[in-house]
Structures are given as structure tokens and as C-alpha cells.
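Residue numbers for the sequence shown follow my numbering, so the first one is 1 and each next one is one higher. Below: one structure, written as C-alpha cells.
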Amino acid sequence: MNSKSPYTIDVEVASRFVPDQSQPADNRYVFAYTITLRNVGKTGAQLLTRHWVITDANGKVEEVRGDGVVGEQPWMRPGESFEYTSGAVLETAVGTMAGTYRMVADDGTHFDAPVPAFVLSIPRTLH
């Protein structure tokens with residue numbers, strides 16, 4: 001998106017494996033991810049909905065849609081950010097997530113804030 005747009009949300013993601021909630025013997029791998037949304041546009045904006053596409057290493061795709069994130073629909077002035085942590089459960093040790101946040105600007109304009117694909121993976125072990 002053109003960085004001069006008044007409607008720009010930067011998205012940063014950090015993901016991690018959660019071993020104490022995972023059961024690899026049962027094909028259950030739990031991951032946590034922390035998302036930081038930063039309004040780098042020129043107008044305030046509120047997050048309305050989320051849409052995730054979660055793909056595991058077997059090619060199984062799950063789509064998740066819903067209102068807000070972690071029960072909130074944060075509103076951010078230009079320069080403000082909002083951070084939250086959520087999770088995903090996969091049947092494989094590796095997967096990806098990507099998606100979009102549907103936003104509404106203070107002037108009523110609806111726009112999407114894309115979330116680039118990020119990897120969910122158990123840590124590599126070296127022997």
C-alpha cells in the first residue's frame with residue numbers, strides 16, 4: 001500500500017511454540033503469537049474484524065473470521081499502537097498464518113490491514 005495513504009496500519013508478528021500445552025504424540029502443537037498493530041496513517045482507525053488463513057504442514061487449511069481481536073475492537077490514533085497475544089493449535093509441528101484486519105477510519109472509510117504470512121514452528125534442535 002502507498003505509504004502516503006491516510007489509511008495505513010503496520011503489522012508486526014512474533015510467534016512461539018508452547019510446549020507445556022502441546023502433545024506431539026497426539027498431533028497437537030500449540031503456538032502463541034503476539035501481534036503489534038501500529039497506525040502509521042494520517043487518521044484514527046478502529047479494528048472491526050479479523051480473517052485468518054491457517055495452513056499446517058499437511059496442507060490442511062482453516063479459515064477463522066470474527067469480530068475484533070481478543071474480545072476488543074481497538075481504536076488507534078495516528079502514531080498509536082495496540083498489542084495482543086493469541087494462539088493457534090496445529091496438527092503438525094510447522095504451519096503458516098496470514099490474514100487481514102478489516103478497519104474503519106474516522107472518516108468512515110473501510111480498509112484492510114494485511115498480515116503477511118508468518119511461520120509457526122517448533123524450535124529446531126541441534127544434535
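In this text, a Cβ means the ideal position worked out from N, Cα and C, and glycines have one as well. From a predicted model like this one, the values you see are computed outputs, not experimental measurements.
Asked                                                                                      : Found
Under the three-state DSSP convention, the category Pro19 falls into                       : helix
Spatial distance of Glu62 from Phe31 (CA atoms)                                            : 15 Å
Straight-line gap, Gln46 to Pro74 (C-alpha atoms, nearest Å)                               : 6 Å
Range covered by the beta strand (DSSP E) that runs through Ser86                          : 81 to 90
Residues near His110 by beta carbon distance below 6 Å, same chain, minus five either side : Val104
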